Amino acid sequence: MVLPFSRWDFAPEIDEPAHGYARRLVGAHGLNTVVTFNVWNQIDSDYVNPKASLELLLKHPLPAEWVDRLKHATPIKGEDAIVLAGNSVRHSHISRHPRRWCPGCLHQSPHHRVWWEFTFLNRCPVHDIEFVSVEPDGRSASWTWTDFANARSGEPLGYYVAPVRPSGLGGYVLGRLGFLPRAPNVILDAATLGAAVDLCKLVGKFLTNQRHHEVPEGEERIDIGYQAVAMGVASFASSILDWLSAYPRHIDCNGSLRSVFGWIVSSLWMIDDTNLRAVVRRTLSDARGLDIRRHDGPVRNYHLTGQEISFQGMANRLGMSARGVQIIADELTLRDPTRFRIQIDLRDEAAISQFAAELLTPTQAAAKLGVHQDALRHLTHCGYLKVFKGTEVGNRPGARFDPRRIEKITSRVDSLPTKDQGAGVTINAYRKRYGLSRGQIAVGILEGAIAIAERIADRVGFNSLRIAVPLEEWHGSTSVKSSSVTLAQAQAILNLSGFTVRSLAEAGYLGPVGRNGATKVLHRSHVRRFASEYAKVADFAHGLEAEPSAFHSALMEHGVQPLAWPKKGGKQRAECVVRRSDVQEALGGAPDPSVIHDEVFTSFWKDLVGKLEVACRHLHLPENLPAGGQRIWQNTVFSLYLRYDAAQGVLTGELVPSKAAREAVSIDLLSAEKATQVESFVKRLRISINAARLQQRRLKKAPDADQL
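Numbering of the sequence shown is given in the numbering used here, commencing with residue 98 and proceeding in unit increments.
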């Protein structure tokens, strides 16, 4: 038989696989490509096949030591794994494409190292530089090229790099393979190399991501995973404890490993080693216990080996009942809910004792929540509170409440949105008016079923809230005196938006802001005085039938200065308000174009306002209708647009009920039927308002009907 190789006068290196050594032998025969060699020897494929390369070399009378080296460093593919140097790894752990190398290693010795093929290593453990897969001229390296020292362009592939002390996962792997002195690892040594790598990937991804229910995307950060397990179980538990400190568990966490740690628990199946999975699960459980006990400082092995005691034994030590100990242990998740346990770790004594000492009496809990004690029962039944009993032996201490749950409720109360509409009443007044218990009202507020009108700054919890009630449904202390106006009434008098009126009031232009119960009020005389001196630019523009933006620019060019006040953040914008006398001066002393100069209409409007204040008392009407017309609002349920045509002597308008069709109206001031038209207008106005309110109630009840 003619052997493919006629010379083998140099030995394979200890970390050189058969397919690397074979290519060096081809190069020693004067061939720079294996393609020619394969043609001469009738080898069908140029594909890199470690097993075939080894079989080809074993046909030659190589020294036994060389054969052992080649068998040791050549990865042999099996059905379930790849075996290399007596270690098994996954098929996905090794890849020869693209071909990679370390320039520092090639400078030392131009031969292929088998560990360059590990997909989980991106840096050389010996020189601490990234692997290279592209030749100096930019081309990808080819396995058909036999020269490991120089590229196809003739440029050297290696250069000097100062070696470092191998560490991390790379150093551990090379030690496991026998290419470097072995570094012991009490967690990984008993497992296969593939399982050890998978564990480092899993732990690295877990420690470098925040809490996730599903497996997060991104790299595994395998070196961080190895560092966590390199020094043993105590170091591993310390890394997990640091993660728990950085990403505290939610208050609703049920205490199971899956609930505390998320996706990593359900992903342990990826580690193909039963004992290694058990070590990880036990370490997670120990770290959970240390976190519950608020462990501070380094974690030692003795922290992970506890002594168990019965609930009654723990109760005797703490002066509590066994049931009280069990309830607190369940709350602190000191028992694994996935299996029944009648004992508890003695190290948990301090955590249970501290939790019991922090519990609040019903009086204390009600004071912090700002509710009557009667509401605690309803809040407990609905899951917002939890009762702890048996925390003292002897006299019946009654229920106790967790301050953390109470803090969660008060935080939720403080974040509730408010609605600037209707009357604001206390919980007690709301209870008497609608026949509800305090607990029902508190739960309704938390669930968003009861709206909040206002929040009192110097009170806590529910006691700081004022519940929103439509004015038409509340006939109590919320009525406003005739000498005062609400902000909504001021909005109608001034023909300004609610945001602009609030801005003016806060800036002090409308006089001092008072209160009538929970309702903010202004003095009517101050609002009237402001209305007589100021108006928005749009009112003047509409009176002149001019485009507001162009008219605004013209006023600014004439030196008219708008009223200024501190700007607020957000998307809302205040309207441009100017002095009436400044506009008249800019117009050459012409009459105010925003005012209707018609004595007949002025008298008629005064009478009409008087009628509507009686018939539709929640519709806020202006004392003087602007020349350009005005939209008049009743909350968000209904609006009315009115405009007077001086040339025709006709008041035209449009009824705009929410979620319903619009309706046009008109009153001819010069007609003999004026009185009849006014009565018809008032009647149609009331019908439209009531229809809009009824439609709104139906829409609010619609979701409940769908659930039945």
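Glycine included, every Cβ here is placed at the ideal spot set by N, Cα and C. All figures in this text were calculated on a predicted structure; none of them were measured in a lab.
The three-state reading of DSSP puts leucine 739 in strand, counting E and B together. The alpha-carbon of proline 723 is positioned some 19 Å away from that of leucine 584. Taking valine 634 as the centre and dropping the five residues before and after it, the same chain places the C-beta of Pro645, Phe648, His649, Leu652, Cys673 and Val675 closer than 7 Å to its C-beta, in chain order. The Cβ-Cβ distance between alanine 246 and asparagine 282 does not fall below 8 Å.
In this structure the segment 546-564 lies against the segment 454-469, because at least three pairs of beta carbons, one per stretch, are closer than 8 Å. Residues of the same chain with a CB within less than 7 Å of the CB of valine 131, apart from the 5 flanking positions on each side, are Arg120, Val123, Asp143, Thr241 and Thr243 in chain order. Residue Leu660 holds the alpha-carbon nearest to the alpha-carbon of leucine 601 among Arg612, Leu660, Ala643 and Leu299. In this structure, DSSP gives tryptophan 212 a helical state, which the three-state scheme calls helix. Taken through DSSP and simplified to helix, strand or coil, asparagine 613 comes out as strand. The residue among Gln588, Ala292, Ile590 and Ala615 with its C-alpha nearest the C-alpha of methionine 367 is Ala292. Here glycine 640 carries a helix assignment [DSSP, helix/strand/coil].
In this model, serine 206 and tryptophan 212 are separated by some 15 Å (Cα to Cα). Closest by C-alpha distance to leucine 354, out of Arg308, Pro395 and Val582, is Arg308.
Contact check for threonine 523 against glutamate 551 fails: the beta carbons are separated by 8 Å or more. Within the DSSP secondary-structure output, asparagine 184 pairs in a beta bridge with Leu181. Under the three-state reduction of DSSP output, histidine 623 falls in the helix class. In this structure, phenylalanine 735 sits away from serine 777, with a CB-CB distance that is not shorter than 8 Å. Burial state of tyrosine 257 is exposed, judged by a 10 Å Cβ sphere holding fewer than 16 other Cβ atoms. In this structure, Ser622 is the residue among Asp339, Thr477, Val540 and Ser622 with its C-alpha nearest to the C-alpha of tyrosine 606.
Contact holds between the segment 220-227 and the segment 188-203, because three or more Cβ pairs, one in each stretch, are under 8 Å apart. Around the beta carbon of valine 270, a 10 Å sphere encloses 16 or more other beta carbons of the protein chains shown; the residue is thus reported as buried. About 10 Å separates the beta carbons of valine 624 and alanine 589, which is beyond the 8 Å limit, so they are not a contact pair. Boundaries of the alpha helix (DSSP H) harbouring alanine 463: 459-466, taken from the DSSP string. The distance from the Cβ of serine 691 to that of alanine 604 is about 22 Å, inconsistent with a contact at the 8 Å cut-off. Between the segment 371-385 and the segment 410-418 there are fewer than three inter-stretch CB-CB distances shorter than 8 Å, so the stretches are not counted as touching. Straight-line spacing of the CA atoms in phenylalanine 276 and isoleucine 425 works out to 54 Å. In the DSSP secondary-structure assignment, threonine 130 is bridged to Trp242. For serine 353, no alpha helix (DSSP H) run applies, since DSSP gives it neither H nor E.
Distance between valine 164 and asparagine 146, taken at the CA atoms: about 17 Å. Here alanine 496 is near valine 484, since their CB atoms are less than 8 Å apart. Non-local C-beta neighbours of serine 763 in its own chain, meaning closer than 8 Å and more than five positions away in sequence, comprise Val747, Leu748, Thr749, Gly750 and Gln774, ordered along the chain. Taking the Cβ atoms as the reference, asparagine 138 lies roughly 5 Å from proline 101, within the contact range of under 8 Å.
Check the Cα spacing between glycine 265 and each of Arg220, Ala259 and Pro609: the tightest is with Arg220.
Proline 160 sits exposed, since fewer than 16 C-beta atoms from the chains shown fall within 10 Å of its C-beta.
In terms of CA proximity to serine 508, Val557 leads the group Val557, Ile179, Ile553 and Arg474. Bounds of the alpha helix (DSSP H) holding alanine 604 are 595-604.
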